Amino acid sequence: MDKTQRKIYWNRNLNYLLTLLSIWFAVSFGAGILFAEELNSIRIGGFKLGFWFAQQGSIYTFVILIFIYVRLMNKLDKDFDVDEK
Amino acid sequence: MDVQTWTYIIVGVTFALYIGIAIWSRAGSTKEFYVAGGGVSPLANGMATAADWMSAASFISMAGLISFMGYDGAVYLMGWTGGYVLLALLLAPYLRKFGKFTVPDFIGDRYYSDVARTVAVICAIIVSFTYVAGQMRGVGVVFSRFLEVPINTGVIIGMALVFFYAVLGGMKGITYTQVAQYCVLIFAFMVPAFFISFQLTGNVLPQLGFGGTLSDGTYLLDKLDQLHVELGFAEYTSGSKSTLDVFAITLALMAGTAGLPHVIVRFFTVPKVKDARISAGYALILIAILYTTAPAIAAFARTNLINTVSNKPYADMPEWFSNWEKTGLIKYEDKNGDNLIQYVADAEKNELIIDRDIIVLANPEIAKLPNWVIALVAAGGLAAALSTAAGLLLVISTSVAHDLIKKQIKPDISEKGELLWARIGAAVAVVVAGYFGINPPGFVAAVVALAFGLAAASFFPAIILGIFDKRMNKEGAIAGMVVGITLMLFYMVKFKFDAFGGGGPDDWWFGISPEGFGAVAMCVNVIVSLVISRFTPPAPEDVTEMVENIRYPRGAGAAQDH
């Protein structure tokens, strides 16, 4: 793989990281902490929404984020032919 | 059968299982001892990581803490799971590609410096020791309550068991016993949760029961808020910490999690980079099962507890109440002499003090569950404490044998000699940890929480910058680590141990508690590293090449010795 290809691969990786980590930040620090107060006026069943994000929702999102990352990276590795044989 | 017989049977069976696995998976080489030969399947590694990670603190203390903290308990829930996202995305795959045995290995090689390596070894040992002492104490508490042996005997039995499989089996033995321990602990955590959720809300799944309704039709959480307000506590769903402090603590715990050496080292044990990524995913799912259940248990236990004790006659208290009173973890003092229990927020009028550590252990008794469930919880608590203790002991022994003796003192040591040193290191560490378990220094609990701050302020930035910033050099990284950990230690000693003038919550910088200060120290570390590295010579070419190399997965052989 030549230098430009390597650079594209790495930038794409950084893009994925940036997107996924923005979501990571938004659900935990955003919905669960900074805006929890405001979100608490919305209810889902017995939960206030901000409280739910802080004690349940963010954890579910974390799990999903890792699996999306794994899929994206495995595909990227294949496309750029840097996957392990 | 009574609880004690059940406990002897269940704990006996699980212990026999762990010993059997340890004998079957003995380590024959240093590679097997340090990284289980590098051939652990991603799912097995996920389970082992989960057991390694979930300590006595997660199993025994966390739900209790949340039960008393309400919303604020979210710092632990998000902090200790969100770190896995950082670990999976920013650390695990690259460190796996790097392919050595330990975290100090990475720091030492990436920053081409034995000073950096030594700083990393010292950090690893401090973090691991403070952590392991707490685990041994957890073992002692479970033994003393459920098997009615003195706490010290409990600690010694626990030490002997960990000694047996950590010293004999190394990483290989530990990995496979941790797989078994994960199964035991998650089963033990979930069974009572299902029962209690069903009893209270009619919904078997605690995650749903948490938002469900009680038999009188009101939502559980609304009821709890109402009870809290009546007794003068803050609303359960709103908490009492400042937003900034919650933010800082969560961040410190997340970064600390991703920087803990005993967790990172687990990702050296899988065969490929791909496996390292997915195995972090498996680990988080398996951890999330417990972490999404714990807040539900906390709310159930809180409701049950208030309903059982509040304004009830002391003489009518159930058997568990007096059992725990005997251990000193529940204290009742009839201040107004009316023979009723007043459990209220006002410290002057409150008559009941409950140690938060007993919530999970007492929960099945409070909910009147069958005896075998109570025994199961005891076995689960032991599994959680032992698996974490073993993982930490391995980090300590590896640091001594590999990072100090092989890498610095005696590079020509034979494989057999190094393995012997690793076993001696593990043995000494077990004894020292046991000593602290029997004679806990008063500050263990405080320091365990701060271990995360220390890891966040030292390792985490050094590793991340080492991977993502090619320009980072040894001057920057060493300065950053030293400034970060010193600042954190200073803040911790000042506000926790009352030195350098001490001070209370009013004196905290920006209102951030010592638990959350790791987040600030981490930012300072990053800034210092970046600034200093730009004014000093760049890293040599072979190092930048290595950094380039770890960014692409192809060619990651199994973990190699040099």
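Chains as they are written, first to last, in our numbering: chain A, 524 to 608; chain B, 57 to 618.
Note that beta-carbon positions come from the ideal geometry of N, C-alpha and C, so glycine has one too.
The structure displayed is predicted, hence computed values, not measured ones.
(request) Compute the Euclidean distance between the alpha carbons of Val-235(B) and Ser-569(B), then round it to the nearest angstrom. (result) 36 angstroms
(message) What are the residues in the segment 87 to 101 of chain B lying within 8 angstroms of chain A by C-beta distance?
(response) none
(request) Would you mind reading off the limits of the beta strand (DSSP E) that contains Tyr-388(B)? (result) 386 to 388
(request) Whole angstroms is fine: what's the gap from Pro-593(B)'s alpha carbon to Val-603(B)'s? (result) 17 angstroms
(request) Pull out every residue of the segment 562 to 573 of chain A whose Cβ sits closer than 8 angstroms to any Cβ of chain B, in chain order. (result) Asn-563, Ile-567, Gly-568, Gly-569, Phe-570 and Lys-571
(message) Tell me the rounded alpha-carbon separation between Ala-441(B) and Ala-100(B).
(response) 19 angstroms
(message) By the DSSP assignment, the alpha helix (DSSP H) with Ile-409(B) in it spans what residues?
(response) Counting along the chain, Ile-409(B) falls outside any alpha helix (DSSP H), though it belongs to the beta strand (DSSP E) covering 408 to 410.
(request) Over the uninterrupted alpha helix (DSSP H) stretch that includes Arg-607(B), give me the two end residues. (result) No alpha helix (DSSP H) holds Arg-607(B); DSSP gives it neither H nor E.
(message) Using a Cβ distance threshold of 8 angstroms, determine whether the segment 382 to 394 of chain B contacts the segment 347 to 356 of chain B, with at least three qualifying pairs required.
(response) no
(message) Quick check on Arg-566(A): does DSSP put it in helix, strand or coil?
(response) strand
(message) Looking at the strands, I want to know which residues DSSP matches up with Leu-396(B).
(response) Pro-369(B)
(message) Can you tell me whether Thr-364(B) is helix, strand or coil according to DSSP?
(response) helix
(request) Give the residues of chain A in contact with Ile-341(B), contact being defined as C-beta atoms less than 8 angstroms apart. (result) Val-586
(message) If I measure Cβ to Cβ from Ile-531(A) and keep anything under 7 angstroms in the same chain, skipping five residues before and after, which residues do I get?
(response) none
(message) For Gly-572(B), count the other beta carbons within 10 Å of its own beta carbon; 16 or more makes it buried, fewer makes it exposed. Which is it?
(response) buried
(request) Determine whether the Cβ of Ala-72(B) lies closer than 8 angstroms to any Cβ atom of chain A. (result) no
(message) Taking the straight line between their C-alpha atoms, what separation do you get for Pro-327(B) and Tyr-338(B)?
(response) 16 angstroms
(request) Kindly list the residues whose CB is nearer than 7 angstroms to the CB of Ala-72(B), restricted to its own chain and excluding five residues on each side of it in sequence; keep chain order. (result) none
(request) Please confirm whether Glu-453(B) and Ala-489(B) have their CB atoms less than 8 angstroms apart. (result) One detail in the question is off: residue 453(B) reads as Ser in this sequence, not Glu. Result no, Cβ atoms of Ser-453(B) and Ala-489(B) do not sit closer than 8 angstroms.
(request) Look at Val-240(B) and Ala-439(B) and say whether their C-beta atoms are less than 8 angstroms apart. (result) yes
(message) On a Cα-Cα basis, can you pick out the residue from Ala-336(B), Ile-588(B) and Val-549(B) that is closest to Tyr-150(B)?
(response) Ala-336(B)
(request) Assign Tyr-532(A) to one of three DSSP states: helix, strand, or coil. (result) helix
(request) Express the C-alpha separation of Leu-133(B) and Gln-579(A) in angstroms, rounding to a whole number. (result) 8 angstroms
(message) For the segment 423 to 432 of chain B against the segment 257 to 272 of chain B, do three or more pairs of beta-carbon atoms, one drawn from each stretch, fall closer than 8 angstroms, so that the two count as touching?
(response) no
(message) Given this structure, state the Cα-to-Cα distance separating Ala-352(B) from Gly-265(B), to the nearest angstrom.
(response) 8 angstroms
(message) Whether or not the segment 125 to 144 of chain B and the segment 298 to 307 of chain B are in contact is what I'm after, with contact meaning three or more pairs of Cβ atoms, one per stretch, closer than 8 angstroms; do they touch?
(response) yes
(request) Using only alpha-carbon positions, find the residue among Thr-269(B), Trp-564(B), Ile-242(B) and Phe-243(B) that is nearest to Phe-254(B). (result) Thr-269(B)
(message) For a minimum of 4 consecutive residues, which ranges assigned as the alpha helix (DSSP H) are wholly contained in the segment 110 to 160 of chain B?
(response) 119 to 125, 130 to 142 and 148 to 154
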